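Reviewing the structure listed below.
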Ligand SMILES: [Zn+2]
């Protein structure tokens, strides 16, 4: 467990003006964060990082909630949407500032003490090297083509030639990210937090809605890889899952280069297809691949990841 998780597990928030509490990602109402309680609505919200106050609209009829959905809701999203609206009816926004408070433990006591106890355990584990995996294992021990290993090594050591690094070396280049043209390009922006990249991750991680939100808590590629949980026990599903983050990084980087050097357009669906194809290609040295079909990656992606696809 990382320090951040430990903190989240032990504190909750009392919302006042709603300006310091992240609507989806902080635990402030109901059991757990809203992104976990209502993954379908979270998925289509354009404001995944928004604070509570951002989700409120004021007009002549008073206040109403607007979750900033990027499209109309489908039928299967309706139920969660209405549950969320019902939950929101009970929310009182007032003039106080949002406050963090310690969650009581099972006996109703403040959990400051148990927090420190857990912190101590965490430190012991870290000193034994149990929770920290060195980049070495995240790069050279992974069964991916050597040019991709090398790319990952440059990413981990911040040597990759993104705009910020080029400028740092004295080149005159456009600092803006070529995907969104909105924020400056850095490694973590390009590979993790750009709106295009977030979309790619969210589409490909649809069957792991409890893992995707972690993306908003990490600041580096290394941290994201360290948090990547083991996949299913099924051989094909687990292979695909373990390749997935590397295939996304590699494909985003190639897409970014095609965009800059060949003015190609950026299309989330095309990136996702390319990721699946890349994973299939990386599996080619695996003897058992002939027991599976590429078509399943395209048509039954979620079933593959959750281990529902069986060998022919
Ligand atoms: Zn961007």
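Residue numbers (UniProt numbering): 1 to 312.
Ideal Cβ placement from N, Cα and C applies to all residues, glycine included.
All figures in this text were calculated on a predicted structure; none of them were measured in a lab.
A straight line joining the alpha-carbon of residue 47 with that of residue 152 spans about 30 Å. With distances taken between CA atoms, residue 265 lies nearest to 181 out of 147, 181, 293 and 81.
Inter-residue distance for residue 269 and residue 275 is about 10 Å (C-alpha atoms, whole angstroms).
Residue 211 and residue 21 have their alpha carbons spaced roughly 20 Å apart.
Between residue 179 and residue 262 a beta carbon distance of about 15 Å is seen, past the 8 Å cut, so the two are scored as non-contacting. Judged by their CB atoms, residue 232 and residue 307 are nearer to each other than the 8 Å cut-off. Cβ neighbours of residue 218 within its own chain (closer than 6 Å, five residues either side excluded): 224. Under the 8 Å Cβ criterion, the segment 279-295 does not count as touching the segment 199-207, having fewer than three qualifying pairs.
Where residue 276 is concerned, the enclosing alpha helix (DSSP H) starts and stops at 268-282. Around the C-beta of residue 230, fewer than 16 other C-beta atoms lie within 10 Å, and the residue is accordingly described as exposed. The three-state reading of DSSP puts residue 153 in helix, counting H, G and I together. Around the beta-carbon of residue 18, 16 or more other beta-carbon atoms lie within 10 Å, marking it buried. When the beta-carbon positions are compared, residue 69 and residue 44 come within less than 8 Å of each other. Burial is judged here by how many other beta carbons sit within 10 angstroms of a residue's own beta carbon; residue 237 has at least 16 and is buried.
Rounded to the nearest whole angstrom, the C-alpha separation of residue 38 and residue 72 is 16 Å. In the structure shown, the three-state DSSP call for residue 64 is strand.
Straight across, the Cα-Cα distance linking residue 185 with residue 221 is about 14 Å. With the criterion CB distance below 5 Å from any heavy atom of ligand 1, the matching residues run 177, 179, 180 and 194 along the chain. The C-alpha of residue 41 is placed about 6 Å away from the C-alpha of residue 81. Counting only residues of its own chain and dropping the five nearest sequence neighbours on each side, residue 163 has a CB closer than 6 Å to the CB of 173, 175 and 185.
Taking C-beta atoms under 8 Å as the contact rule, residue 287 and residue 312 fail to qualify, at a distance of about 14 Å. Within the segment 198-248, the runs of alpha helix (DSSP H) that reach at least 4 residues and sit entirely inside it are, in chain order, 221-227. Contact check for residue 304 against residue 240 passes: the beta carbons are separated by less than 8 Å.
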